[in-house]
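I have placed the structure first, in the form of structure tokens, so that the comments after it can refer back to it.
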Amino acid sequence: MPAKKKTKVVSVQKKVVKTKTKSMSKKSATDAKNTESGDAKSQRGARAINLLRGMKDITPKDEIYWLNIYQKAVELANAYGFGFMETPVLEEAVLFTRSIGKDTDVVEKEMYVFEDRDGTKVALRPEWTAGAARAYVTHGMQTWPQPVKVWNYGPVFRHDRPQAGRYRQFHQFGCETIGHRHPCLDAELILVGYNFLKDLGISANVQINSIGNAEDRQNYTIELVGYLRSKRSYLCEQCKKRINKNPLRVLDCKEEHCVEVISESPQIIDWLSEDSKNYFMKVLECLDELGIPYILKSTLVRGLDYYSDTVFEYYEDAVEERSQNALGGGGRYDFLIEQLGGVPTPSAGFAMGLERIISILRSKEGNKNILEKEWSRIFFAQLGEQANYRTLKLIEDLRLEGIVVRHNLAKSSLKGQMELADKFGATHTLILGQKEVHDGTVIIRDMDSGNQEIVDQNKLVLEVKKLMKNIIKIRK
RNA sequence: GUGGCUAUUGUAUAAUGGUUAUUACUUCGGCUUGUGGAGCCGAUAAUACGGGUUCAAUUCCCGUUAGCCACCCCA
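Going left to right, the first sequence walks through residues 973 to 1448 as my numbering numbers them.
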């Protein structure tokens, strides 16, 4: 028994008096709770266990979003010839440190890393691409017809501070095109992501840039650092530090003076090799051809080290100040696979952040038509013990014929069941009572008119099928 | 990781340094025990945690935790 503070005793006693009338049933629960531990405060016995920070349950209330998004992902991936692939949540930590980059924020600050029971350093995947690249090597996919196109869908983990549209476990849908370097492939990926958003009713734009190859970037960085040093006094404190640590990041700074400095800074495009420059022009041509609106953004540099040449991000149209969060992003990673021990294999990919997309969907009422869930509009109500058991069987018979009915077998009052049927928006309710069990019949009630019809149980499937046809007709 | 704001039942809310903490929705039960949509009645359910000030704290103060927002970064 935890020692209650003395000062509290008074109020505790007061409370007992207060709740006298309703405390009888609570008493046993109170006793039970005290056996657990001092912090067990809940009235229901055990201490309630909370969600870990940054984690989120997906409940049936969110189903409409998740299932629709998943369906769109499947449809699109199929339509563009991507095959489903799922790599493990848990990988050897070096996979990510080597691919994403040791000094990136994602790896350095946000990755879940821990020792497995055998002492191996493992990590929860912070994104999909590295795993896909690893799988390409693991399974010798260079012997498959190239390019190998895969898509993936599922949770990824980043130990960031939770915020709007940002969780520690979140979901990504992504596509990877591994094995070729061709502007059309870049454009196709951008298109798939673009259409994904469009199909979900989100009008988005693409911000795009090219960061060339490693050598280009090195040359550019030298130039940029030189420039930034010359303007050092105008920069914010943080950017002053960044000059040495991660100069490309300065380009992203939103501080007023920094923006000014950046606006006149050398642009990476001018430092691209001929090859990269031409390649980028062709990607843009493809996008023009496809009619995808894009914004050239010379300051776009992505935070993952493996990118080269084309990089892009998706943003919702017409969103000004509020959370300039990217909905998704991606790019080319021509050197990643050899870094992971494979043969040189040019590749590209993108990933979409599903939670962010859902938060937009949530804020839009106009999306109801895209996001409708088809529920059965037929309810099965039963009354009496015999009918109760019989109903379970009848529901099963119906299901075998492809007819789904909603029901609540735990409820005994017909009235309560009718209420439920109403809440579900049932067009018809099938009613089975004592009498009907005896007669081998079922009542079919039209919920709009209130008309009832008695049919033979043998003919139930047939009758219900007829009903469903009519419902569909009426809807059309 | 840094800063700002917040914390009352399942949800959304009201109020107060002092008898029983408000209201709505949800859930459950009832209002002719075999019939829904309205109405009415009732039940369940909360002051995040720890400390301090006080005769008395849900209210004021501090700490912790969590949430939101911004930075950072990214999805």
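We put the beta carbon where it would ideally sit given N, CA and C, even for glycine.
Asked                                                                                                                                                                                           : Found
Taking Gly1146 as the reference, which of Arg1378, Ala1045 and His1229 has the closest Cα?                                                                                                      : Ala1045
Is the separation between the beta-carbon of Gly1467 and that of Ala1320 shorter than 9 Å?                                                                                                      : Because the chain is modelled from 973 through 1448, residue 1467 falls outside the range shown and cannot be assessed.
Over the uninterrupted alpha helix (DSSP H) stretch that includes Ala1104, give me the two end residues.                                                                                        : Thr1101 to Thr1110
Relative to the C-alpha of Gln1406, which residue among Leu1439, Phe1086 and Asn1360 is closest?                                                                                                : Asn1360
Would you mind giving the Cβ-Cβ distance between Trp1243 and Gly1184, rounded to the nearest angstrom? I have them listed as a contact below 8 Å.                                               : 7 Å
Gln1141: which of Tyr1305, Ala1298, Met1083 and Arg1089 sits nearest, CA to CA?                                                                                                                 : Met1083
I'd like the span of the alpha helix (DSSP H) that includes Pro1219, first residue to last.                                                                                                     : Pro1219 to Val1222
On the CB-based measure, 16 or more other CB atoms within 10 Å of its CB, does Gly1010 come out buried or exposed?                                                                              : Annotation note: pLDDT 35 at Gly1010 (below 50); position unreliable, coordinate value reported separately. Classification of Gly1010: exposed, given that the 10 Å Cβ count is below 16.
Report yes if the C-beta distance between His1400 and Ile1367 is below 9 Å; otherwise report no.                                                                                                : no
Just grab the DSSP bridge partners of Gly1300 for me.                                                                                                                                           : Tyr1286 and Met1324
I think Pro949 touches Leu1157, with their Cβ atoms under 8 Å apart; what is that distance to the nearest whole Å?                                                                              : The chain is shown only over 973 to 1448; residue 949 falls outside these bounds and no answer can be derived.
Within its chain, find whatever has a CB closer than 7 Å to the CB of Ala1382; leave out the 5 residues flanking it on each side and keep chain order.                                          : none
Based on the DSSP secondary-structure assignment, which residues constitute the bridge partners of Thr1413?                                                                                     : Asp1428
Starting from the C-beta of Leu1432, find all residues in its chain whose C-beta is less than 6 Å away, skip the five residues before and the five after it, and write them out in chain order. : Val1414
Check whether the Cβ of Leu1404 lies closer than 8 Å to any heavy atom of the ligand FAD, and answer yes or no.                                                                                 : With respect to the ligand FAD, the structure offers nothing, as it holds no ligand at all.
Any idea what DSSP makes of His1229, helix, strand or coil?                                                                                                                                     : helix
Starting from Ala1353 and walking both ways along the alpha helix (DSSP H), at which residues does that stretch end?                                                                            : First-last for Ala1353: Ile1350 to Gln1354, but that is the beta strand (DSSP E), not the alpha helix (DSSP H).
Count the other C-beta atoms from every protein chain shown that fall within 10 angstroms of the C-beta of Phe1252, then say buried if there are 16 or more, exposed otherwise.                 : buried
Going by DSSP, what residue range makes up the beta strand (DSSP E) through Trp1123?                                                                                                            : Val1120 to Phe1129
How would you write the range of the alpha helix (DSSP H) that Tyr1305 sits in, first residue to last?                                                                                          : That residue, Tyr1305, is in no alpha helix (DSSP H); it is neither H nor E in DSSP.
Taking contact to mean 3 or more Cβ pairs, one atom from each stretch, closer than 8 Å, check whether the segment 1175-1189 and the segment 1280-1291 are in contact.                           : yes
Cβ of Ile1041 within 9 Å of Cβ of Ile1332?                                                                                                                                                      : no
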